[in-house]
Amino acid sequence: MVLSCIILCIAFALGHVLPLTAGCGQQHFHKGRRIAEESDTSAWNYDLNGADWPGTCKEGRAQSPIAIQLTAAAPFAGPPISFEFGKAKGLRVFNIRTAIQVEWDDLEGSQTVIPTNGMWGSDAENISSVPVKPFQFHWHSTCEHIVDGFMCPLELHLVTKVDNETDAPVPRNCAFHGGHRRKSSLPG
1 MVLSCIILCI AFALGHVLPL TAGCGQQHFH KGRRIAEESD TSAWNYDLNG ADWPGTCKEG
61 RAQSPIAIQL TAAAPFAGPP ISFEFGKAKG LRVFNIRTAI QVEWDDLEGS QTVIPTNGMW
121 GSDAENISSV PVKPFQFHWH STCEHIVDGF MCPLELHLVT KVDNETDAPV PRNCAFHGGH
181 RRKSSLPG
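Residue numbers (the numbering used here): 1 to 188.
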């Protein structure tokens, strides 16, 4: 069940949500790095439920958080996702108070490929594979996203950068989200 939920969240995000979340993903990509380097969590937080966020992240209506309803989700018919991150050089782990973030200087042998349906609201028939470069990942509690009304105790964000030399039909920096669904043995 856990694996199927993770796969569903990934497929849903990539096939239907990723092109729509790019503006906010790009902001988070840059802010996440700045937070990690300066250890300043005041730059990006949920204190005002997004009212203090800049640009697309504040005004947009098609980005995080996402409420996924499994009964309304369609099977993903696009090309497969490939997670071959390779070997990390210069690995660093940061506790940024709101999350644990892992970054690296370089990846050897990374061949990560994600499906995309192009820019904002393209139809599902135009799905293609796009190579991306994993930039960092982080996890935090609790989830930003809800699956069937259930908020997971932990969420993982894999942040990738689209290879600009591929003429990919997506913005350069996109956040890629995967959730983890598991019942906790802790009270409450």
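We treat Cβ as the ideally placed atom computed from N, Cα and C, and that holds for glycine.
As the structure is a computational prediction, the values presented were derived from the model and not from experiment.
Residue of the options minimising C-alpha distance to residue i
i    : options                 : result
L156 : W139, G78 and H145      : W139
V93  : I114, Q136 and F83      : Q136
F76  : D52, S128, L48 and C143 : S128
D106 : P134, L48 and A51       : P134
P80  : N95, I114 and A51       : I114
E144 : L48, W53, D52 and A67   : A67
Q152 : P65, G78, F83 and V102  : According to the sequence displayed, residue 152 carries Cys and not Gln. Comparing Cα positions, the closest option is P65.
Contact check, residue i vs residue j, beta carbons under 8 Å
i    : j    : result
V130 : K161 : no
L158 : S141 : no
Burial state of residue i (16 or more Cβ within 10 Å)
i    : result
T116 : buried
A99  : buried
R97  : exposed
L91  : exposed
A175 : At A175, the pLDDT of 46 sits below 50, so the modelled position is not reliable and the matter cannot be decided from this model.
Residue i - partner residues in DSSP beta bridges
i    : result
C82  : The sequence as given places Ser at residue 82; Cys does not occur at that position. Paired residue(s): V113.
F94  : Q101
A75  : Here residue 75 turns out to be Pro, not Ala, going by the sequence shown. Beta-bridge pairing links P75 to no other residue.
P134 : T160
L107 : A88
**OP:** Say whether the stretch 98 to 111 touches the stretch 82 to 89, bearing in mind that this needs 3 or more beta-carbon pairs closer than 8 Å, one atom from each stretch.
**Re:** The stretch 98 to 111, when compared against the stretch 82 to 89, does touch it at the 8 Å Cβ threshold.
Original post:
Counting Cβ pairs closer than 8 Å, one from the stretch 64 to 73 and one from the stretch 143 to 152, do we hit at least three?
Top reply: yes
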